[in-house]
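Asker: If you're matching positions, the sequence shown starts at 7 in our numbering and goes up one per residue. Glycine residues also receive a C-beta, built at the ideal position from the N, C-alpha and C atoms. Everything numeric in this text was worked out from a predicted model, so none of it was measured. Would you mind keeping the following structure in view while I ask a few things?
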Amino acid sequence: MSLYEIFDWLELTAVGAAIRVSAWLFPAIEAVHLLGLATLGGSILVVDLRLLGFSLKGEPASYVLEQAGPWLAGAIAVMFATGIPLLLSEAVKCYFRPAFWVKMGALALALLFTFGVRNRVLRARPSLPPWQSKGIAACSLLLWLTVAAAGRWIGFS
């Protein structure tokens, strides 16, 4: 079975069809998806701005990470819970959109970097040299901004 056939099958699921034929389901799910995006963005920004030295300078970065962690986890859960049904409703369209593939690749890299590098380093080393904390924050922001921009680009490509 080819990847296109999988996407075609996904679009033909009952969930995909129900969202497609409903006048309100897609916008309602997308609204919740955008709320998740705002929460995700806030939880990423608060930590990365701390690492860049722009905010919460009196708090250790590890503490800011600890406080933002549940918000990030919840936001990611909301994003997946709403993103999958949105994909099901227009899987074939997404298959042919380069922006979709950019978003998925950037999302995979952003998740790996956030949980495999940024969070791990901040927990292991509460005090980092400025060049290291700024580099980690810059990489994080670049990856997550790519995810958001590519997601927005899907609708226009």
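Using the Cβ count rule (16 or more neighbours within 10 Å means buried), how would you classify K63?
Answerer: Exposed, by the Cβ-count rule.
Asker: Taking the CB atoms as reference points, tell me whether A97 and L31 lie closer together than 8 Å.
Answerer: Not in contact: A97 and L31 (Cβ atoms no closer than 8 Å).
Asker: Pull up the distance between the alpha-carbon of W77 and that of S68, whole angstroms please.
Answerer: Each residue's Cα considered, the two are about 15 Å apart.
Asker: Which parts of the segment 131 to 163 are runs of the alpha helix (DSSP H), unbroken and 4 residues or longer, counting only runs that do not cross its ends?
Answerer: DSSP runs (the alpha helix (DSSP H)) wholly in the segment 131 to 163: 136 to 160.
Asker: Taking DSSP as the reference, what is the three-state secondary structure of L18?
Answerer: Coil.
Asker: Touch check for the segment 98 to 111 and the segment 70 to 84: three-plus C-beta pairs under 8 Å?
Answerer: With the cut-off at 8 Å, the segment 98 to 111 and the segment 70 to 84 do not touch.
Asker: Grouping DSSP H, G and I as helix and E and B as strand, with all else coil, what is K63?
Answerer: It is coil, neither helix nor strand.
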